[in-house]
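Peer 1: In my numbering, the protein residues as written are 124 to 376.
Note that CB positions come from ideal geometry on N, CA and C, so glycine has one too.
In this text the structure is predicted, and so the values were computed from the model without any measurement.
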Amino acid sequence: MIERPTSSFTDLLQSLGLEPKWSIPDGSGALEAPIATTVLALRFADGVVMVGDRQATEGHLVAHRTIRKVFEADRFSAVAISGTAGIAVDLVRLFQTELEHYEKLEGTRLSLDGKATYLGRMVRQQLPLVFQGLVVVPLFAGYDESDKIGRLYTFDVVGGRYEEREYGATGSGSRDAKAYLRSAYAPELDEAGALEVGVRALVAAAQVDTATGGPDLARGILPNVVTVTERGFEEIDEDVVGDLASAALETIR
């Protein structure tokens with residue numbers, strides 16, 4: 124009798140003995156690797172906004188200036204990364220594959236809460252790497268098709284997941300971003316207002332945290348900004364983000 128394929132892509136790989144295996148030599152120290160810094164998200168009346176800076180650091184140096192940190196998880200959700208950049212990007216790709224695999228086998232999308240729970244499980248599986256200094260902490264947000272609202276979730280390094288009612292942030296500049304959001308956020312924000320507040324919060328963080336890359340208008344380096352609503356995942360046009368960033372740079376001190 125042929126067993127029905129599991130709806131988890133990772134479990135399927137494990138059953139076939141094909142799952143990735145990490146081998147860390149005994150006595151090895153922490154590794155230096157590019158670190159992705161600040162990402163944030165906030166709810167508004169019709170969904171969620173997610174914003175990420177573009178800089179990755181390596182110690183006190185800038186490793187990359189245009190790294191992407193905000194990704195489409197599936198049609199109605201987005202995931203952003205902070206922490207060890209290479210591992211975080213691979214984690215996002217595997218998460219995207221998991222959601223696609225589940226949908227193909229089950230004929231329906233996993234619930235938003237289920238996606239967040241599974242992402243927490245994936246973070247927990249990276250725990251052995253945390254002790255080597257290779258930390259990955261994502262941020263997850265999406266549109267709940269059943270309740271018709273946006274939701275967002277933060278995580279810790281051991282895979283704990285927490286639903287945030289208003290806004291969330293992770294990465295080196297998260298404290299400063301949340302400090303700005305604490306004073307500027309309002310539950311009744313519309314999409315335009317949420318976009319403005321999100322970009323301003325990132326600029327505020329970049330003014331204080333040197334690892335967070337603020338908008339660089341001269342070089343055309345702008346934050347990744349997306350929304351997830353009943354329309355699905357949408358990338359905000361660079362012209363719109365540029366105008367928001369320019370206005371924020373003129374007023375945020």
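(1) Work out the CA separation of S297 and A334 for me, nearest whole Å.
(2) Would DSSP call T231 helix, strand or coil?
(3) Reducing DSSP to helix, strand and coil, say where L242 ends up.
(4) Specify, as a first and last residue, the run of the beta strand (DSSP E) that L312 falls within.
(5) What separation, rounded to the nearest whole angstrom, lies between the Cα atoms of D279 and L235?
(6) Is the Cβ-Cβ distance between G355 and R198 less than 7 Å?
(7) Under a Cβ-count criterion, where at least 16 other Cβ atoms within 10 Å of its own Cβ denotes burial, should A309 be classed as buried or exposed?
(8) My understanding is that A203 touches I158, with C-beta atoms under 8 Å, so please give their C-beta distance in whole angstroms.
(9) What does L77 pair with, by DSSP beta-bridge criteria?
(10) Taking one C-beta from the stretch 315 to 331 and one from the stretch 344 to 354 each time, how about it: are there three or more such pairs within less than 8 Å?
(11) By the 10 Å Cβ neighbour count, where 16 or more other Cβ atoms means buried, how is V260 classified, buried or exposed?
(12) Can you tell me which of the three DSSP states E226 falls into?
(13) Assuming L325 contacts A300 (C-beta within less than 8 Å), just tell me the rounded distance between them.
(14) What is the residue span of the beta strand (DSSP E) that Y285 lies within?
(15) Pop quiz: M245 and L214 are said to be a contact at Cβ under 8 Å. What is the actual Cβ separation, rounded to whole angstroms?
(16) Please state whether DSSP places T374 in a helix, a strand or coil.
Peer 2: According to the structure data:
(1) Whole-angstrom Cα-Cα distance: 11 Å.
(2) Coil, per DSSP.
(3) Under the three-state reduction of DSSP output, L242 falls in the helix class.
(4) Run containing L312: none; DSSP gives neither H nor E here.
(5) Just so you know, the alpha carbons of D279 and L235 end up roughly 18 Å apart.
(6) Using a Cβ distance threshold of 7 Å, G355 and R198 count as a contacting pair.
(7) Classification of A309: exposed, given that the 10 Å Cβ count is below 16.
(8) That belief does not hold up - the Cβ atoms of A203 and I158 are roughly 14 Å apart, past 8 Å.
(9) Look at the range of the chain in this structure, 124 to 376, and you will see that residue 77 is not part of it.
(10) Contact between the stretch 315 to 331 and the stretch 344 to 354 is present, because at least three Cβ pairs lie under 8 Å.
(11) By the beta-carbon neighbour count (other beta carbons within 10 angstroms, threshold 16), V260 is buried.
(12) The three-state reading of DSSP puts E226 in helix, counting H, G and I together.
(13) About 6 Å separates the two Cβ atoms, so the contact holds.
(14) For Y285, the enclosing beta strand (DSSP E) begins and ends at R284 to E287.
(15) In this structure M245 is in contact with L214, their Cβ atoms being roughly 6 Å apart against a cut-off of 8 Å.
(16) Helix, per DSSP.
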